[in-house]
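> Please read through the structure below; I'll follow up with questions.
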Amino acid sequence: MTADMTDTFWNRLSKIRAVMLDAGTGSPVPMAPIARQEDGAIWFITSSDHDTFQASKNGAASDIYLCDSSGHMYGTVKGTLSASDDTDKLDELWTPMAAAWFKNGREDDSVRLMKYTPREAEVWVTDGTVKYLFETIKANVTDDTPDTGDYGVIHF
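Convert by adding 4 to the 1-based position in the sequence shown; the result is the number in our numbering.
Below you can see the structure in the form of structure tokens.
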């Protein structure tokens, strides 16, 4: 996979507000990803009593499911989810959005940070609805297959 596809993955993931995270607990849950290409990681802020956090304490093999029409990216990411004690990183990543989930904000005793280290991603990226419609109409007129975006497997 090209460096361009890897950059596209991180760029688009940074704009996605929710993913489904499966930490092997039996049921994927919606989580707000914080994508940091420079860390090679996807971070999640959660509560200490959340099942996903409990699984992360053992370095859970995990999957992330992407289906985001606004970010125009779809696919799965395979990797490892681990609990992080990095309070400096938590301070860096803390936002008013995260604060809304905790009674005492950043000072809440239940605030925890999880680090997701991707190993492989299989993704489809599209150029949006207008291009999709244009390509579909064009394909019907020309009997060609529509060019609706890119597909690739990324190894991190």
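Built from N, CA and C at the ideal position, the CB exists for glycine as well. All figures in this text were calculated on a predicted structure; none of them were measured in a lab.
Output needed for threonine 99: all residues of its chain with C-beta closer than 7 Å, excluding positions within five of it in sequence on either side, in chain order.
none
> Whole beta strand (DSSP E) runs in the segment 45-100 with 3 or more residues, listed along the chain?
45-51, 64-72, 77-88
> From this set, Thr140, Ser18, Asp147, which residue's C-alpha is nearest methionine 77's C-alpha?
Ser18
> Taking the straight line between their C-alpha atoms, what separation do you get for alanine 87 and isoleucine 141?
Distance from the CA atom of alanine 87 to the CA atom of isoleucine 141, rounded to whole angstroms, is 48 Å.
> Do glycine 156 and methionine 35 have their CB atoms nearer than 8 Å?
no
> For the beta strand (DSSP E) holding tryptophan 128, just list the boundary residues, first then last.
115-130
> Start and end of the alpha helix (DSSP H) containing arginine 16?
7-17
> Grouping DSSP H, G and I as helix and E and B as strand, with all else coil, what is isoleucine 20?
Coil.
> Please check the pair alanine 27 and serine 66, which I expect to be a contact at CB under 8 Å, by giving their CB distance rounded to whole angstroms.
Between serine 66 and alanine 27 the Cβ distance is about 5 Å, and since that is below 8 Å, they are a contact.
> Excluding five sequence neighbours on each side, which residues of the same chain lie with their C-beta closer than 7 Å to the C-beta of aspartate 43?
none
> Tell me where the beta strand (DSSP E) around glycine 153 begins and ends.
153-159 is the span of the beta strand (DSSP E), which, as asked, contains glycine 153.
> With DSSP run on the structure shown, which of helix, strand or coil describes aspartate 26?
Three-state DSSP puts aspartate 26 in a strand.
> Along the chain, where does the beta strand (DSSP E) containing alanine 104 start, and where does it finish?
Here alanine 104 belongs to no beta strand (DSSP E), and DSSP marks it neither H nor E.
> Please classify glycine 83 as buried or exposed, where buried requires at least 16 neighbouring CB atoms within 10 angstroms.
buried
> Tell me, to the nearest whole angstrom, how far the beta carbon of tryptophan 47 is from that of methionine 118; I am working on the premise that it is less than 8 Å.
7 Å
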